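A.B. asks: The sequence shown maps to residues 101 to 352 in the working numbering.
C-beta atoms are modelled at their ideal positions from N, C-alpha and C, and glycine is treated no differently.
Fair warning: this is a prediction, and the values are worked out from it, not measured in the lab.
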Amino acid sequence: MPEAPTPEETTSETVLLVEDLDAVRIMRLNRPDKLNALNTALTRALYDALRAADEDDTVRAVVLAGEGRAFCAGADLSEFAQLTPESRHAVVRRADLTTRTQMLLQRLRKPIVSVVQGAAVGGGAGLAIGCDMMVAADDLVFGYPELRHSLVPAVVMTGLQRQIGRKLAFEMISTGRLLNAAEAQAAGLANRVTERKLALDAGLEIASAWAAVNPRAMAATKDLYYRVADLPYEQAMQAGRDVNAIMRGFRG
């Protein structure tokens, strides 16, 4: 598990809405007037909420969604005025918080599905595909326009390249090409495409199915899935053998 934020990184703002539906925890990015752009407060709140869900035994699955007409428009550029070379400490801390939040999606023991409507760009695109599954509304606009703002899609680049072909990934980050819902599904980024009004229900259906599974078996499955992706074949098979050998312990 990544290192937790320091005490001064906490926030009481309602930039993130959290509710439970049985064993499913629903998190909604809540800056609709800013298209849920990721400022420091929202990023911290999301990080803390994800950790809390992972540590809560009553939670078996997570849905990540956004309030309003967009899922997430990426980083809040209005904060960049304070993130200058002269404020190196603040720059590093902000980059570290962003990185830890993106990494945490994969490291959660609980499975998480994103429900993505409207714009999911930059850091928002990273959050969307960083989840274990993604439901895309039919109005999705997905991509990485950072270079248009003289920025580099640095933190989110790894997740994109690991999920789609390198040629398409480079086209997206270098030209700012935006994908619609059908293109995102064809590229393997979206598991489902639905009408916007049905997207959250589709995400809840996936999460509810996960919640019905033995949580220890689910956690072991998710952990093994991502571990073997980064291992040579023989080591990956050995890791699978080790988990297979303790499967009986998941019963009951």
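#1: Between which two residues does the alpha helix (DSSP H) containing T143 stretch?
#2: What residue range does the beta strand (DSSP E) around I126 cover?
#3: Buried or exposed for E334, going by 16 or more other Cβ atoms inside 10 Å?
#4: Between N130 and V115, is the Cβ-Cβ spacing less than 7 Å?
#5: Let me confirm a value: N344 is counted as buried when at least 16 other C-beta atoms fall within 10 Å, else exposed. Which label applies?
#6: Mind checking if A286 is an interface residue toward chain B, Cβ cutoff 7 Å exclusive?
#7: Just reading off the beta strand (DSSP E) that S214 is part of, what are its end residues?
#8: Would you report the Cα separation of D239 and A320, rounded to the nearest angstrom?
#9: Do A287 and V215 come within 7 Å of each other at the CB atom, strictly closer than that value?
#10: Would you please state the rounded distance, in angstroms, between the beta carbons of A228 and F171? I believe it to be under 8 Å.
#11: Whether or not the segment 280–298 and the segment 251–269 are in contact is what I'm after, with contact meaning three or more pairs of Cβ atoms, one per stretch, closer than 8 Å; do they touch?
#12: Under a three-way DSSP split, which group does R120 fall into?
#13: Helix, strand or coil, according to DSSP, for L268 in the structure here?
#14: Cβ of V313 within 6 Å of any heavy atom in the ligand SAM?
#15: If we call anything under 7 Å between Cβ atoms a contact, is Q206 one with Y325?
#16: In angstroms with no decimal places, state the Cα-to-Cα distance between P332 and M272.
#17: From what residue to what residue does the beta strand (DSSP E) around G243 run?
#18: M337: buried (16+ other C-beta within 10 angstroms of its C-beta) or exposed?
#19: In whole angstroms, what separates the C-alpha of L208 from that of G259?
C.D. replies: Considering the structure as presented:
#1: That run of the alpha helix (DSSP H) goes 140–155.
#2: I126 -> beta strand (DSSP E) spans 124–129.
#3: Burial call: exposed.
#4: Yes, Cβ-Cβ distance for N130 and V115 is below 7 Å.
#5: The residue in question, N344, is exposed, as its Cβ has fewer than 16 Cβ neighbours within 10 Å.
#6: Within the model displayed, chain B is absent; a lone protein chain is all it includes.
#7: Segment 212–216, the beta strand (DSSP E) holding S214.
#8: In a straight line, the C-alpha of D239 is about 35 Å away from that of A320.
#9: The answer is no: Cβ separation not under 7 Å.
#10: With a contact defined as Cβ atoms closer than 8 Å, A228 and F171 qualify at about 6 Å.
#11: With the cut-off at 8 Å, the segment 251–269 and the segment 280–298 touch.
#12: Strictly speaking, residue 120 in this sequence is Asp, with Arg absent from that position. In this structure, D120 counts as strand in the three-state DSSP scheme.
#13: Reduced to three states, the DSSP call for L268 is helix.
#14: Within the structure as shown, the ligand SAM is missing, as the structure has no ligands at all.
#15: Judged by beta-carbon spacing, Y325 lies beyond the 7 Å limit of Q206, meaning their Cβ atoms are not closer than that value.
#16: Approximately 28 Å, taken between the alpha carbons.
#17: First-last of the beta strand (DSSP E) with G243: 241–243.
#18: Result: exposed.
#19: Rounded to the nearest angstrom, the two C-alpha atoms are 16 Å apart.
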